[in-house]
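Q: Residue numbers (my numbering): 9 to 397.
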Amino acid sequence: MKITRRRLAGITATAVAAGLAAVTAPPTSGAAAQEPGSAEIALVWQGAALATVPFTPAQALYLSFTSTAVDRAVHTSVKRGHSSETAAVAQAAHDVLVEYFPASLGILDATLVESLAGVPDGPAKARGVAIGAAEADALIESRVGDGRDDSSIVYSAEPAIGVWTDARPMAVAWYGFVDRVLGGRPVALNGPDPIGSAAYRKDLAEVQADGRAGADADKAATANFFNVPAFALYRNALIAHLREHPLSLAVTTDLFADLDRATAEAMRQTWRHKFVNGFWRPVAGITSDDGDPLTEPVPGWTSVLPLPPYPDWPSGHGTITSAFAESVRCHLSDIALTLNGSGTPRTYTSLTTLEHDAFMSRIWGGIHFRDAMEDAYMIGHAVAKRACR
Numbered sequence: 009m010k011i012t013r014r015r016l017a018g019i020t021a022t023a024v025a026a027g028l029a030a031v032t033a034p035p036t037s038g039a040a041a042q043e044p045g046s047a048e049i050a051l052v053w054q055g056a057a058l059a060t061v062p063f064t065p066a067q068a069l070y071l072s073f074t075s076t077a078v079d080r081a082v083h084t085s086v087k088r089g090h091s092s093e094t095a096a097v098a099q100a101a102h103d104v105l106v107e108y109f110p111a112s113l114g115i116l117d118a119t120l121v122e123s124l125a126g127v128p129d130g131p132a133k134a135r136g137v138a139i140g141a142a143e144a145d146a147l148i149e150s151r152v153g154d155g156r157d158d159s160s161i162v163y164s165a166e167p168a169i170g171v172w173t174d175a176r177p178m179a180v181a182w183y184g185f186v187d188r189v190l191g192g193r194p195v196a197l198n199g200p201d202p203i204g205s206a207a208y209r210k211d212l213a214e215v216q217a218d219g220r221a222g223a224d225a226d227k228a229a230t231a232n233f234f235n236v237p238a239f240a241l242y243r244n245a246l247i248a249h250l251r252e253h254p255l256s257l258a259v260t261t262d263l264f265a266d267l268d269r270a271t272a273e274a275m276r277q278t279w280r281h282k283f284v285n286g287f288w289r290p291v292a293g294i295t296s297d298d299g300d301p302l303t304e305p306v307p308g309w310t311s312v313l314p315l316p317p318y319p320d321w322p323s324g325h326g327t328i329t330s331a332f333a334e335s336v337r338c339h340l341s342d343i344a345l346t347l348n349g350s351g352t353p354r355t356y357t358s359l360t361t362l363e364h365d366a367f368m369s370r371i372w373g374g375i376h377f378r379d380a381m382e383d384a385y386m387i388g389h390a391v392a393k394r395a396c397r
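And the structure:
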């Protein structure tokens, strides 16, 4: 398969050729070739990536493509010397995003022009552009035929006790079968609690009591606060934190690369479990006869939050939250973050307290069993620790 990518018209073939020549030429001296390692360019393009990649359960996969190419471009630029890391970051992020989301070409081109306008013309700029383009090309080439958007993978199941069924197709059913972005063995889990077990009954009773629409206004408020696109909720908070507490460029790109690879792989494992196990949502267990003589169906029971189009176990929201928190904790310790969710912003004094409320939000929202949250956190934490090594 031939890779084709539209480049910004203002970056001419001559400039790119000059950059490639500069990559192989001996480093030149002079102040014009030097550049401060400001991390702002990385934050700008993280924001651009978040605005470009549509929100789906597979959003982390595409964010990881961008973050990985950017991180590699920075390290290559630093290693080779006399190269603009700003230009390398901007070109790498631009080219990856344009490849996968060509409809955003215009705004991405404009962002690239603005990014490169602050870099003095010369060999260092050309070299940075060439490095960024080369790392983007390498990343794109590595993902050809990786199983994305495989329409032959379709979830289907006959209605039965404990089985998730929905008139809507399972969202991004292919994600659990896509090529990995991070190595290591999948996290070992023991599956959802068997229906009729003491653990299942306990979880069912908890959701029935706390996740019912109209049951508890405060719990429902927390459920709704977190019921927004999780990638944006957490990532925007992290970007704001890093603007207030700036790090070096290389440290910043390392952080996002680890974060996104961890989240992408953790979500891949989660989606594989969802597809293979197809475990029903709490509302099905609450409103229907599950064959357990110790539980009674509650007709008309409704959850605080609407039901997503995919099975319960493990929780995707739980996986995103835990992979994010553990990745950031690994790099920055247990920091405070302010989240702009649904309603008044909330400042969490630590990632641990953030994880607690996010965990409970899906139970209080009536859409996840506790077991689905616990196992999701196991996946997210374990994969993030592996990525941070």
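No residue lacks a Cβ here, since even glycine has one placed at the ideal position from N, Cα and C.
Keep in mind that this is a model prediction, so the values were computed, not measured.
I'd like the span of the alpha helix (DSSP H) that includes Thr355, first residue to last.
A: Per DSSP, Thr355 belongs to no alpha helix (DSSP H); it is in the beta strand (DSSP E), 354 to 356.
Q: If you measure from the CB of Pro317, is any heavy atom of the ligand FMN nearer than 7 Å?
A: No copy of the ligand FMN appears in this structure; indeed no ligand is present at all.
Q: So, Gly326 versus Gly286, is the Cβ gap smaller than 8 Å?
A: No, the pair does not count as a contact, with Cβ atoms beyond the cut-off.
Q: Grouping DSSP H, G and I as helix and E and B as strand, with all else coil, what is Ser75?
A: Ser75: helix per DSSP, three-state reduction.
Q: With a Cβ-Cβ cutoff of 8 Å, do Trp279 and Val291 count as a contact?
A: Contact: no.
Q: Please state the DSSP three-state secondary structure of Thr346.
A: Reduced to three states, the DSSP call for Thr346 is strand.
Q: Could you pull out every residue in the same chain whose Cβ sits closer than 7 Å to the Cβ of Pro254, ignoring the five residues on either side in sequence?
A: Closer than 7 Å at the Cβ level, and outside the excluded window around Pro254, lie Ala47.
Q: Nearest to Ser330 by alpha carbon, out of Asp268, Leu190, Val106, Val259?
A: Residue Asp268 is the option with its Cα nearest to Ser330.
Q: Thinking C-alpha only, which one of Leu257, Ser296, Gly351 is nearest Ala229?
A: Considering only alpha carbons, the answer is Gly351.
Q: Mind checking whether Ala68 and Val97 have CB atoms under 8 Å apart?
A: In this structure, Val97 does not lie closer than 8 Å to Ala68 by Cβ.
Q: Using the DSSP secondary-structure output, state which residues sit across from Arg220 in a beta bridge.
A: Answer is Ser311, bridged to Arg220.
Q: Which parts of the segment 265 to 312 are runs of the alpha helix (DSSP H), unbroken and 4 residues or longer, counting only runs that do not cross its ends?
A: Within the segment 265 to 312, the complete alpha helix (DSSP H) runs of at least 4 residues are 290 to 295.
Q: Which parts of the segment 156 to 224 are runs of the alpha helix (DSSP H), unbroken and 4 residues or longer, counting only runs that do not cross its ends?
A: Segments of the alpha helix (DSSP H) lying fully in the segment 156 to 224: 206 to 218.
Q: If you count every other CB in all the chains shown that lies within 10 Å of the CB of Arg188, and 16 or more means buried, which is it?
A: Looking at its Cβ environment, which holds fewer than 16 other Cβ atoms inside 10 Å, Arg188 is exposed.
Q: Taking the alpha carbon of Ser311 as the reference point, which residue from Trp321, Asp365, Thr360, Asp224 has its own alpha carbon closest?
A: Nearest of Trp321, Asp365, Thr360, Asp224 to Ser311, Cα basis: Asp224.
Q: Whether or not the segment 189 to 207 and the segment 333 to 353 are in contact is what I'm after, with contact meaning three or more pairs of Cβ atoms, one per stretch, closer than 8 Å; do they touch?
A: Too few Cβ pairs lie closer than 8 Å, so no.
Q: Using the three-state DSSP reduction, which class does Trp372 fall into: helix, strand or coil?
A: Helix at Trp372.
Q: Tell me which same chain residues have a C-beta within less than 8 Å of the C-beta of Ala179, skipping the five on either side of it?
A: Cβ within range, chain order: Thr64, Pro65, Pro316, Pro317, Tyr318.
Q: Pick out the complete beta strand (DSSP E) segments inside the segment 53 to 120, 3 residues or longer, and give them in chain order.
A: As far as the segment 53 to 120 is concerned, it has no whole beta strand (DSSP E) run of at least 3 residues.
Q: Check whether the segment 84 to 102 touches the segment 120 to 129, counting contact only when three or more Cβ pairs, one atom from each stretch, lie closer than 8 Å.
A: The segment 84 to 102 is in contact with the segment 120 to 129.
Q: Rounding to the nearest angstrom, what Cα-Cα distance links Ala231 and Pro131 in this structure?
A: Approximately 53 Å, taken between the alpha carbons.
Q: Residues in the same chain with beta-carbon distance under 8 Å from Thr76, minus the five sequence neighbours each way, listed in chain order, please.
A: Cβ neighbours of Thr76 beyond the five flanking positions: Leu147, Val189, Ala265, Asp268, Arg269.
Q: Taking all protein chains shown into account, do 16 or more other C-beta atoms lie within 10 angstroms of the C-beta of Gly324, making it buried, or fewer, making it exposed?
A: So Gly324 counts as buried.
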